[in-house]
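Enquirer:
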Amino acid sequence: MIYKIRPLTLLGLFALLITGDSSAFTISGSGNSNIKGWQTKELTFKLNATNCAGLSQAVVEQTIADAFEAWNNVPTSNLKLVYGGTTTTTAAQAAAGTATDYPVIICDPAFNTTTSQAGNNGVTGVGTFALNANNEISKGYLLLNADTGASPTYNISTQSTSSNSLLIAHEVGHVLGFGHSSDNFALMYFQYTASRQLALAQDDMDALAYLYPRNEPSDKLLGCGTLSTPFSGGPWMGMGLALFWYLLVPALILRSSRKFTQVFLKAPAQAHA
Amino acid sequence: MKKIIYSIVLLVIILSAEYASAASGSSSRSSSSSGSSGKSALFLEAGQSFVNMNKTTKDSATGSSNLLGTSQLLFSLGAKIGSFRPEVGYTIIPRKPEDKSYSSTLMIIQLPYLFDFGQLSFKAGPTYWIQKISGEGGNVTLSNGTGTSTFSKPGLSSSAKNLGLLLGAYYPINSSFGIDTDLTVLAPMTKKRSFNFIAQLTWNFYDL
């Protein structure tokens, strides 16, 4: 059966689907557009949870895991964020560049002093990084507001778990090298509402693909090597199974279905000139 | 381990059925040339690509997912050669933010195998995606907590390369035009996986 659909009508419909895009990620800091990011595919963060304003280490760790999952969700990037346990690195050591563990997440009980904040101004975290001589990020840290001083309204213990996940995910973005985005859909927008869900916008994904691009086949093929499915066997086993499930099975089923059609259904009529 | 065993068992069953079918002299191979797409030809395509479907945020308040993902016009040139349909696609018009601080283009190379099924042809095979993001540098002032800060616009060029898996279908409208649809899975074996859809109008402009 040949349907009478005008091709140009279809082309017009496709063209109508063009969408505008307001995304505009930036690189953290001014006057240096050529930053190259961390030179690793697996970035391990340590945590100093000694004084998290009453939040338990387990709660903070879960919050970090949620935040990392958002950034670990981009197929065009080869970067994987990993939590590497606790450290005793302090905010002062991290800021001075003398810490042994970078990148590091620190609950800072003197947050307002350390970051020169006015106290009750809505800032719950700060993320930053330092470059080496090759313009690559070599050090970075994230301070969480654990200040229980005179104006503790915005320390992390007063925020919901979901807000803290958003906070950490945003500040991790700064540690990765990203500045704020003018796209208010983006995780790297300077502000968020309490009801917002933790997810990346296309702008965040573009930023990650820009500084940490995936490069197959040099990187693991089809994303193998970080298998999320519950079987072992390494990347080659994963790739074999991927080919099997995604290519061979559909191909063979389709091929077999032709025989089914020929036997049980009428063969499709041929078009004649 | 169970998945591996199930996979092997399923493979053996399907291959047995195929062998039995071939042995009885009723191989369905001959039908591949009887479909409307059996003719070899060069073709041009124009349509939309929908990237990262149901994976990106579309609402700043709720963070709810954007079902259609990010769309971009895609133009392709390809050939139908036997049961293969190699194709190269490119987003000639780059995706740019309002301040044009960077541009993002997408090149897609496909090598699917065709399975004719009456008028319809199904496709399956590998695909290679190259997303290029280029910026011209410079500074921009944006809000930063309690005040404003100056940030750098991207100033380098970067390409993300992904090998993906393609499933698709082609339907001929008439002898010259058809509709081509593709579903591509990038990073299929990880939590990073994304589903991407392409819908294009095909013009078969030269018979081989």
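Chains as they are written, first to last, in my numbering: chain A, 1 to 273; chain B, 1001 to 1208. We put the beta carbon where it would ideally sit given N, CA and C, even for glycine. Quick caveat: nothing in here was measured; it's all calculated off a predicted structure.
(1) Under 7 Å, CB to CB, which of the residues in the segment 153–168 of chain A have a partner in chain B?
(2) Note down, in chain order, all residues in the segment 29–63 of chain A with a beta-carbon under 7 Å from any beta-carbon belonging to chain B.
(3) Would you identify the three-state DSSP class for Asp1180 (chain B), choosing helix, strand or coil?
(4) Under a CB-based cut-off of 8 Å, is Ser116 (chain A) close to chain B?
(5) Listing by chain order, which chain A residues have their CB less than 9 Å from the CB of Glu1045 (chain B)?
(6) For His180 (chain A), which residues from the same chain have a beta carbon less than 8 Å from its beta carbon, with the 5 sequence-adjacent residues on both sides left out?
(7) Can you look up Glu1087 (chain B) in the DSSP assignment and give me helix, strand or coil?
(8) Rounded to a whole number of angstroms, what is the C-alpha to C-alpha distance between Asp203 (chain A) and Ser1101 (chain B)?
(9) Between the segment 84–110 of chain A and chain B, which residues of the former have CB atoms less than 7 Å from a CB of the latter, in chain order?
(10) Residues in its own chain within less than 8 Å of Asn1054 (chain B) by CB, not counting five upstream and five downstream?
(11) Please classify Gly1078 (chain B): is it buried, with 16 or more other beta-carbons within 10 angstroms of its beta-carbon, or exposed?
(12) At a CB-CB cut-off below 8 Å, which residues of chain A make contact with Gly1138 (chain B)?
(13) Any residues in the segment 1177–1204 of chain B with a beta carbon nearer than 8 Å to a beta carbon of chain A? Which ones, in chain order?
(14) For Phe185 (chain A) and chain B, any beta-carbon pair shorter than 8 Å?
(15) First and last residue of the alpha helix (DSSP H) that includes Glu171 (chain A)?
(16) Give me the chain B residues within the contact set of Thr26 (chain A), using Cβ-Cβ distance strictly less than 8 Å, ordered along the chain.
(17) Assuming Trp1203 (chain B) is part of the beta strand (DSSP E), what are its boundary residues?
(18) Report yes or no: is there a C-beta of chain B within less than 8 Å of the C-beta of Leu131 (chain A)?
(19) Using the Cα positions of Ala1169 (chain B) and Ala53 (chain A), report the straight-line distance between them to the nearest angstrom.
(20) So what's Leu227 (chain A) in DSSP terms, helix, strand or just coil?
(21) Quick one, are the C-beta atoms of Ala169 (chain A) and Ala70 (chain A) less than 8 Å apart?
(22) What does Met1107 (chain B) pair with, by DSSP beta-bridge criteria?
(23) Would Glu1087 (chain B) and Gln1119 (chain B) qualify as a contact pair, given that the criterion is a beta-carbon distance under 8 Å?
(24) Using beta-carbon positions only, say whether Val126 (chain A) and Glu171 (chain A) come within less than 8 Å of one another.
(25) Taking all protein chains shown into account, do 16 or more other C-beta atoms lie within 10 angstroms of the C-beta of Asp147 (chain A), making it buried, or fewer, making it exposed?
(26) In its own chain, which residues sit with a C-beta less than 7 Å from the C-beta of Gly233 (chain A), not counting the 5 before and 5 after it?
(27) Can you name the start and end residues of the alpha helix (DSSP H) that Asp147 (chain A) belongs to?
(28) Would you call the CB atoms of Gly149 (chain A) and Gly1145 (chain B) closer than 8 Å?
(29) Would you mind telling me which residues of chain B sit closer than 7 Å to Thr76 (chain A), beta carbon to beta carbon, in chain order?
(30) Can you check which of these residues, A:Arg214, A:Ile156 and A:Ile105, is closest to Val82 (chain A) by C-alpha distance?
(31) Let me confirm a value: Arg1029 (chain B) is counted as buried when at least 16 other C-beta atoms fall within 10 Å, else exposed. Which label applies?
(32) So the alpha helix (DSSP H) Ala186 (chain A) belongs to, where does it begin and stop?
(33) Name the chain A residues whose beta carbon is nearer than 7 Å to that of Asn1052 (chain B)?
(34) Report the residue from A:Leu43, A:Thr124 and A:Glu136 whose alpha carbon sits nearest the alpha carbon of Thr158 (chain A).
(35) Counting only runs of 3+ residues fully inside the segment 75–125 of chain A, write out the beta strand (DSSP E) ranges in chain order.
(36) Whose Cβ in chain B lies nearer than 9 Å to the Cβ of Gly149 (chain A)?
Expert: Let's see:
(1) none
(2) Gly29, Ser30, Gly31, Asn32, Ser33 and Asn34
(3) strand
(4) no
(5) Result: empty, since nearest Cβ-Cβ is about 10 Å, beyond 9 Å.
(6) Thr26, Met188, Tyr189 and Phe190
(7) strand
(8) 12 Å
(9) none
(10) Ser1065, Asn1066, Leu1067, Gly1069 and Phe1195
(11) buried
(12) Ser33
(13) Phe1177, Ile1179, Val1185, Leu1186, Ala1187, Pro1188, Met1189, Thr1190, Lys1191, Lys1192, Arg1193, Ser1194, Ala1199, Gln1200, Leu1201 and Trp1203
(14) yes
(15) Thr161 to Leu176
(16) Ser1101, Val1140, Leu1142, Phe1151, Ser1152, Lys1153 and Pro1154
(17) Ser1194 to Asp1207
(18) no
(19) 57 Å
(20) Low confidence applies here, because Leu227 (chain A) scores a pLDDT of 37, under 50, leaving its location unreliable and the question unanswered by this model.
(21) yes
(22) B:Tyr1090 and B:Ile1130
(23) no
(24) yes
(25) buried
(26) With a pLDDT of only 44 at Gly233 (chain A), under the threshold of 50, the placement of this residue in the model should not be trusted, and no figure is reported.
(27) Where Asp147 (chain A) is concerned, there is no enclosing alpha helix (DSSP H), given that its DSSP letter is neither H nor E.
(28) no
(29) Gln1131, Ala1160 and Asn1162
(30) A:Ile105
(31) Residue placement at Arg1029 (chain B) is flagged as unreliable, the pLDDT there being 38, under the threshold of 50; the coordinate-derived value follows with that caveat. It counts as exposed.
(32) Taken as a continuous stretch (DSSP letters only), Ala186 (chain A) belongs to no alpha helix (DSSP H), as it is neither H nor E.
(33) Gln202 and Met205
(34) A:Thr124
(35) 80–86 and 104–108
(36) None at all; the shortest Cβ gap to chain B is about 17 Å.
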